[in-house]
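S.K.:
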Amino acid sequence: MHAITIPEPGGPEALVWTEVPDPVPGEGEVLVEVVAAAVNRADVLQRQGFYEPPPGASPYPGLECSGRITALGPGVSGWAVGDEVCALLSGGGYAERVAVPVGQLLPVPDGVDLATAAALPEVVCTVWSNVFMVSHLRPGETLLVHGGASGIGTMAIQLAKAVGARVAVTAGAPDKLARCAELGADILIDYREQDFVEEIRKATDGAGADVILDIVGAKYLDRNVQALALSGRLAVIGMQGGVKGELNLAALMAKRAAVTATSLRARPLEEKAAIVAAVREHVWPLISAGRVRPVVDQELPLSDAAAAHRALDAGTHVGKILLRA
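Residues in the sequence shown are numbered consecutively from 1, following UniProt numbering.
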């Protein structure tokens, strides 16, 4: 088969489309013929040499895909050759075929075409696990999402609104904020022109955000704590603004607040399977009912993943960028 490889870390040109050995499904795995894969920030970090795949994972980038099952490994039940699926991956999505543990498979939701379904697994599992399973966002609470126009952000807005929460977002351009408003965001903050701490306090009568979903990391750590409400929960899922920050424990304790930091890729199979099962139970009905939808900015050929990475690096997209096999 063909796959995108990274012979040497570097810029988008480091992504090379080449022939590689076919994957073989192991115990509890299926082989998926990839129809589409989605691009994530983690893929950029891997391309740059900063985010190695976990042990045993495919060396090729790509943390989510959609396609058709073409073979079943030993011990697999509940799935059949020909089933249309999307999947959460530890790697390998930028390829014509990929082996997937059955616990990380999802059926394509009603109302979503097979290729577009590739935009769902990573972002939905990330948002659901952090905002709901860890941070326990409740109806009537306020969620602040940094990077509201990103793939993660566009999904977080919709899921939070679907459960009856109020949503604030940050973004760096008026057109991106407008798209967030179309998805249901209530409070729009241009981080280039406004202080999000001041804006979230104004919008909540001084209370602050009950939950913050943060892709920035160290650069925002102190201000995120300032923006939290009493008993607030800060979920850090990215490090675009650095890895080391100073945490004011007195401020955190005064608010009886909590900070969590998680990643999805390297979790044990059983933890991923539990998240995927929760997503199938709670989120898939919302998608099938049309209350939540994947937001796709553009599609490019899988063999031209470099162009997709250049688009992601440019930062002008809203939602997900897809690669079509």
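Positions of the beta carbon are idealized from the N, C-alpha and C atoms, including for glycine.
Reducing DSSP to helix, strand and coil, say where Trp-284 ends up.
M.R.: In the structure shown, Trp-284 sits in a helix (DSSP, three-state: H, G or I).
S.K.: Which runs of the beta strand (DSSP E) spanning at least 3 residues fall entirely within the region 131-208, listed in chain order?
M.R.: 142-146, 166-171, 187-190
S.K.: When DSSP labels each residue in this structure, what does Glu-246 get in the three-state scheme?
M.R.: coil
S.K.: Suppose the cutoff is 8 angstroms on Cβ atoms and the five residues either side in sequence are ignored; what does the same chain contact list for Ala-218 look like?
M.R.: Met-239, Gly-241, Gly-242, Val-243, Lys-244, Gly-245
S.K.: Rounded C-beta distance between Ala-87 and Val-100? I'm assuming under 8 angstroms.
M.R.: Contact holds; Cβ gap of about 5 angstroms.
S.K.: Lys-202: buried (16+ other C-beta within 10 angstroms of its C-beta) or exposed?
M.R.: exposed
S.K.: In whole angstroms, what is the alpha-carbon distance linking Gly-10 and Lys-255?
M.R.: 43 angstroms
S.K.: Taking the C-alpha atoms as reference points, what is the distance between Ala-250 and Val-169?
M.R.: 27 angstroms
S.K.: How far does the alpha helix (DSSP H) with Gln-48 in it extend, from its first residue to its last?
M.R.: 41-48
S.K.: Could you have a look at His-2 and say whether DSSP puts it in helix, strand or coil?
M.R.: For His-2, the secondary structure class from DSSP, reduced to helix, strand or coil, is strand.
S.K.: Pair every Cβ in the region 32-48 with every Cβ in the region 117-132, then say whether three or more of these pairs are closer than 8 angstroms.
M.R.: yes
S.K.: Could you give the uninterrupted runs of the beta strand (DSSP E) lying entirely in the region 266-316, keeping only those of 3 residues or more?
M.R.: 296-301
S.K.: Is Ala-36 near Ala-118, with beta carbons less than 8 angstroms apart?
M.R.: yes
S.K.: Pick helix, strand or coil for Pro-107, following the three-state DSSP scheme.
M.R.: Looking at Pro-107 - three-state DSSP - the assignment turns out to be strand.
S.K.: Taking the C-alpha atoms as reference points, what is the distance between Arg-105 and Asp-304?
M.R.: Per the sequence presented here, residue 105 reads as Leu, with Arg not at that position. Each residue's alpha carbon lies about 26 angstroms from the other.
S.K.: Report the option in Phe-132, Arg-223, Gln-48, Leu-183 whose CA atom is closest to the CA atom of Glu-199.
M.R.: Arg-223
S.K.: State the start and end residues of the unbroken beta strand (DSSP E) segment that holds Glu-27.
M.R.: Careful: Glu-27 lies outside any beta strand (DSSP E) and carries neither H nor E.
S.K.: Do three or more CB pairs link the region 3-19 to the region 261-272 at distances below 8 angstroms?
M.R.: no
S.K.: Does the region 144-161 come into contact with the region 177-188, if we say contact requires no fewer than three beta-carbon pairs (one atom in each stretch) closer than 8 angstroms?
M.R.: Pairwise C-beta distances place the region 144-161 in contact with the region 177-188, as three or more of them are shorter than 8 angstroms.
S.K.: Give the secondary structure of Asp-222 by DSSP, where H, G and I count as helix, E and B as strand, and everything else as coil.
M.R.: helix
S.K.: Which word fits Glu-281, buried or exposed, when buried means at least 16 other C-beta atoms lie within 10 angstroms of its C-beta?
M.R.: exposed
S.K.: List the whole-angstrom C-beta distance separating Val-127 from Leu-159, where the pair is believed to meet the contact cut-off of C-beta under 8 angstroms.
M.R.: 6 angstroms between Cβ atoms; contact.
S.K.: Return yes when the Cβ of Leu-234 is within less than 8 angstroms of the Cβ of Ile-212, no when it is not.
M.R.: yes
S.K.: When we look at the beta-carbon of Arg-192 and count the other beta-carbons within 10 Å, is it buried (16 or more) or exposed?
M.R.: It is exposed - the Cβ of Arg-192 has fewer than 16 other Cβ atoms within 10 Å.
S.K.: Quick check: the Cα distance between Glu-84 and Leu-114, rounded to an integer number of angstroms?
M.R.: 7 angstroms
S.K.: For Val-76, which of helix, strand or coil comes out of DSSP?
M.R.: coil
S.K.: Can you tell me where the beta strand (DSSP E) with Glu-122 in it begins and where it stops?
M.R.: No beta strand (DSSP E) contains Glu-122, which is instead part of the alpha helix (DSSP H) from 121-127.
S.K.: Among residues of its own chain, excluding the 5 on either side of Pro-107, which ones have a beta-carbon nearer than 7 angstroms to its beta-carbon?
M.R.: Scanning its chain for C-beta atoms nearer than 7 angstroms, with the 5 sequence neighbours on each side dropped, one finds around Pro-107 the residues Val-85, in chain order.
S.K.: Apply the 10 Å Cβ neighbour rule to Arg-47 and answer buried if 16 or more other Cβ atoms are within range, or exposed otherwise.
M.R.: buried
S.K.: Residues in the same chain with beta-carbon distance under 8 angstroms from Val-16, minus the five sequence neighbours each way, listed in chain order, please.
M.R.: Ile-4, Thr-5, Ile-6, Pro-7
S.K.: For Val-100, which residues does DSSP report across the bridge?
M.R.: Val-30
S.K.: Is the Cβ of Glu-64 closer than 8 angstroms to any Cβ of chain C?
M.R.: Of the chains in the structure shown, none is chain C; there is only one protein chain.
S.K.: Return helix, strand or coil for Val-116, following the three-state DSSP convention.
M.R.: According to the sequence shown, residue 116 is Thr rather than Val. In the three-state reduction of the DSSP assignment, Thr-116 falls in the helix class, which pools H, G and I.
S.K.: Is the separation between the beta-carbon of Gly-73 and that of Gly-103 shorter than 8 angstroms?
M.R.: no
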